[in-house]
């Protein structure tokens, strides 16, 4: 069985988090999902190194139960360990979204800025096909 590999600024405890449903938090057990989580953590570290500011992970891996409880999409990349929602206390999130849009980093498949909740969702793929960036005003 694979193990989750921590990065310089991201620890195992950040892989599965939920302020609203802490009892549903669980680490992945499937090797495929752990491999995705490790890739996501590596990509997040690259983003962190570029922006030069700490990031607070709001959601990364979600079990089916946690994803259902938070009202996540049925086809959510969170269930596969391929995405993360985060915020940065020291940065303007809209400006950060615009910077990420400008940089078009290699492995970002989706970048969504949620202004009402003030966080960014990043979805990663080894070979991204979508490369979509948008602002969700819901």
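In our numbering, the protein residues as written are 3 to 140.
Built from N, CA and C at the ideal position, the CB exists for glycine as well.
Which residues bound the alpha helix (DSSP H) around residue i?
i	result
residue 44	33-53
What are the residues that DSSP puts in a beta bridge with residue i?
i	result
residue 85	125
residue 22	For residue 22, which the question treats as bridged, DSSP gives no partner whatsoever.
residue 65	In DSSP, residue 65 forms no bridge with anything.
residue 59	88
How far does the beta strand (DSSP E) with residue i in it reach, from first residue to last?
i	result
residue 133	Taken as a continuous stretch (DSSP letters only), residue 133 belongs to no beta strand (DSSP E), as it is neither H nor E.
residue 111	110-116
In angstroms with no decimal places, state the Cα-to-Cα distance between residue i and residue j.
i	j	result
residue 61	residue 71	13 Å
residue 115	residue 131	19 Å
residue 58	residue 124	13 Å
residue 10	residue 55	13 Å
residue 137	residue 33	33 Å
Does the beta-carbon distance from residue i to residue j come in below 8 Å?
i	j	result
residue 83	residue 14	no
residue 39	residue 17	yes
residue 42	residue 121	no
residue 37	residue 66	no
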